[in-house]
Amino acid sequence: MILNRAKKLVDEKNFGEAFEHLNFLFVNYPQTPGLQIMRQEFLFKSAEEMSGQNRLAHTMAVLEELQRSFPNFQRDKVRGLITDVSGKLIESYFEKKDLSAARAMINRLAKDYKDDPLPVVEQWKGKFLELANEYKTKAIEYRENKEYLAARREATKMLDIEPEIEGGKELLRDLLKEYPIVRVGVFQTADKPDTAAIANWPAFRSGQLISRPLFEFRSTGPEGGQYRFSLGSFQQSDDRLELDMTIQNPGQVGIPNSLDLSQSFLRRATIGKPEYVPGWAAIFDSISVAGPERLKMRFRRPHVLPQAFLQWPIEAIGEGNLPLGVLYKPQSKESNTQRFEWAPSSPAADFQPKEIHEILYEDPSQAINDLLRGEIEAIDRLFPADAKKLQASIVSKTINVESYALPTVHMLVPRTSNPYLDDREFRRALLYAINREGILKGEILGGADAEQSRVISGPFPRGVTENDPIAYAYNTSVDNLAYDPRLAKVLMLITNSKLKMQYEKRKEPLPPMPKITLGVPNYEAARVAGQAIIEQWKLIGIQADLVVLDKVPEPGQMPNIDILYLTVSIWEPATDAERLFGIGGPAQSNNQFIVQVLGGLSSSRNWREVRQSCQDLHALVAAHLPVLPLWQVGESFAYRGEINGVTKKPLGLYQDLQKWRVRAP
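Be aware that the sequence shown starts at -11, since it is given in this note's numbering, and climbs by one per residue.
Right, dumping it as structure tokens:
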């Protein structure tokens, strides 16, 4: 009875319901007479129907299952359909310019039907060889005209569809040796490169590319960061009051001598100079030189890490000279592409990039597709959910996904002054109304766990473990505020009542709660988080608009932004706290308690005092909320296997850029 019903449904082309009936019989009554014959009919007729609907991939799967299960069923007709459908499927890939998928389909068919080849395989192999030769001819023409990037594109497409074409690999190798270019997909650009930027990802990235810091943060250590003096060697005295520096090869092209360098230190300690750095001026006392290669600095008081202040770029010495270690300089900017070309007068090594192109993307999916197709060689910052998918995909053999060494800290920074945002309980209501755990895990991480990514209760990174060196500033006794929209509403009522009383005393009407403008940087994680945050604020009656910012605003810029979503790289809390909350910092605070603790931190004489001051600051931030802490996120990047020499777990994409080499896959 059920079998008859299934047959009728197949005749009526109701294949979905027919499948349910047949599946019931296979599970419960597999020996039913005529069941296998009915299955043959079901597979064949459903394949014919899907073929007519142009559902080619599904049709192919059903036909091949039919052939495997019942090799003698209408053999010639089934084979003819497989030939026809596979040809159309390959052609559809071809029309969509998904040549790698088309090639993979041809290779599979050649392997699966090697004993009885399908005519369509040889037919398309011939077409692909013809097309590959066209790409090869174009690549050679572009090469002769010194249009190396265009030549490389054609050569890459040639090998993508015909890896074994005669002379193909040699052509690409010669192109890479002759004029290697690396194309990097980015989502933000900066006007001012800055190797010491803590709240401007694109500025730090471009700073790494076209400059070199005097002191370079290399990694975390048991007592703060590990730094390298780019010009030579350095040593701090036992009493932490002096810093001795020795310059290697002073006076050579691009290398300053001790007098040049001393002037740089003095300018940054002098009020009124454009380069003035308040934190550095607070500890600097004097400097002396002993010959062209040695200089000694003395401090007003002991400091645990004076070198952390000295991460500004090395300055060029002499007209037309490059600073030491700088390999690239900005060239032309066309549409969405910024070109950087080899800067030194000495030639680049074999396969060392002669140009680096940063290509601006708005859509992360498009950037990933271009990476997979070989249109770009790297992506500088992956959306965390995309990173997990890319890492787990089959293309991970040709695409490398690498984590950056340290996480970024995400926070909301109130920027405008109004009775509501100035109120601590209102800011606390804003934080209670945000489901931080849900947004982080569900929206940003895409449901996956990530060891570096977690909700935080303060402005400093929490690290991965309790013993993580970077977590020395994190106060573990301060709990995260749980998501509680009801409590948020109560706090809003308290704020409103308090403000109403204050305004009644002044005999002034209480202004209505203004709509909040939330500004977020223009990259996927911030956009996604920002949209989720304003939706959750609306649930408790707080109206907000989202504004996407192409540039990270400096303090005082864009006064229409009430709250700024800030991504901060706090790698050295001992000094970065002042850079974040101090004068001119992206989260500058006038809170007297914050200012007082920052002063205590600056005068700390040892690491015990540093840790205590940082953790006190953490507790104060959690209590007063000059910023609203959200989460820390483990960042990652991706690059193709053609790029060799990329540092494992770097601080930034271009760390140790001098080691990069571009080789044929």
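We treat Cβ as the ideally placed atom computed from N, Cα and C, and that holds for glycine.
The structure displayed is predicted, hence computed values, not measured ones.
What is the C-beta distance between residue i and residue j, in whole angstroms, given that I count them as a contact (C-beta under 8 Å)?
i, j, result
"residue 189", "residue 428", "The pair is not a contact, with the Cβ atoms about 18 Å apart (cut-off 8 Å)."
"residue 333", "residue 281", "About 24 Å separates the two Cβ atoms, so there is no contact after all."
"residue 477", "residue 528", "5 Å"
"residue 571", "residue 262", "No, residue 571 and residue 262 are not in contact; Cβ-Cβ is about 15 Å, not under 8 Å."
"residue 402", "residue 551", "5 Å"
"residue 599", "residue 392", "Actually they are not in contact, since the Cβ atoms of residue 599 and residue 392 sit about 24 Å apart, beyond 8 Å."
"residue 395", "residue 513", "Between residue 513 and residue 395 the Cβ distance is about 12 Å, and since that is not below 8 Å, they are no contact."
"residue 365", "residue 198", "Their Cβ separation, rounded to whole angstroms, is 19 Å, which puts residue 365 and residue 198 out of contact at 8 Å."
"residue 574", "residue 554", "6 Å"
"residue 617", "residue 399", "5 Å"
"residue 295", "residue 203", "5 Å"
"residue 221", "residue 214", "About 14 Å separates the two Cβ atoms, so there is no contact after all."
Buried or exposed, going by whether 16 or more other CB atoms sit within 10 Å of the CB of residue i?
i, result
"residue 351", "exposed"
"residue 1", "exposed"
"residue 150", "buried"
"residue 17", "exposed"
"residue 423", "buried"
"residue 171", "buried"
"residue 586", "buried"
"residue 193", "buried"
"residue 518", "buried"
"residue 647", "exposed"
"residue 410", "exposed"
"residue 603", "buried"
"residue 69", "buried"
"residue 271", "buried"
"residue 481", "exposed"
"residue 353", "exposed"
Nearest-angstrom Cα distance between residue i and residue j?
i, j, result
"residue 36", "residue 71", "13 Å"
"residue 77", "residue 621", "42 Å"
"residue 255", "residue 264", "6 Å"
"residue 234", "residue 224", "12 Å"
"residue 237", "residue 201", "18 Å"
"residue 497", "residue 488", "8 Å"
"residue 73", "residue 65", "12 Å"
"residue 374", "residue 439", "16 Å"
"residue 655", "residue 137", "Outside the shown range of the chain, which is -11 to 653, sits residue 655, and nothing can be said about it."
"residue 56", "residue 95", "19 Å"
"residue 19", "residue 45", "31 Å"
"residue 232", "residue 584", "31 Å"
"residue 340", "residue 595", "42 Å"
"residue 432", "residue 154", "46 Å"
"residue 606", "residue 418", "19 Å"
"residue 360", "residue 148", "11 Å"
"residue 421", "residue 408", "15 Å"
"residue 196", "residue 547", "30 Å"
"residue 258", "residue 227", "25 Å"
"residue 449", "residue 441", "10 Å"
"residue 269", "residue 471", "42 Å"
"residue -1", "residue 92", "36 Å"
On the DSSP bridge assignment, give the partners of residue i in chain order.
i, result
"residue 288", "Residue 288 is not bridged to any residue."
"residue 204", "216"
"residue 396", "621"
"residue 232", "223, 284"
"residue 173", "347, 367"
"residue 553", "400"
"residue 330", "316"
"residue 272", "287"
"residue 666", "Limits of the chain in this structure are -11 at one end and 653 at the other, which puts residue 666 out of reach."
"residue 483", "None, per the DSSP bridge assignment."
"residue 301", "201"
"residue 209", "212"
Can you name the start and end residues of the alpha helix (DSSP H) that residue i belongs to?
i, result
"residue 581", "580 to 590"
"residue 68", "63 to 83"
"residue 182", "Careful: residue 182 lies outside any alpha helix (DSSP H) and carries neither H nor E."
"residue 265", "Where residue 265 is concerned, there is no enclosing alpha helix (DSSP H), given that its DSSP letter is neither H nor E."
"residue 532", "No alpha helix (DSSP H) holds residue 532; the beta strand (DSSP E) holding it covers 532 to 537."
"residue 420", "412 to 420"
"residue 596", "595 to 612"
"residue 563", "561 to 569"
"residue 99", "87 to 100"
Between which two residues does the beta strand (DSSP E) harbouring residue i extend?
i, result
"residue 505", "504 to 509"
"residue 684", "Any answer about residue 684 is impossible in this case: the structure gives the chain only from -11 up to 653."
"residue 391", "387 to 391"
"residue 669", "Outside the displayed range of the chain (-11 to 653) lies residue 669, so it cannot be described from this structure."
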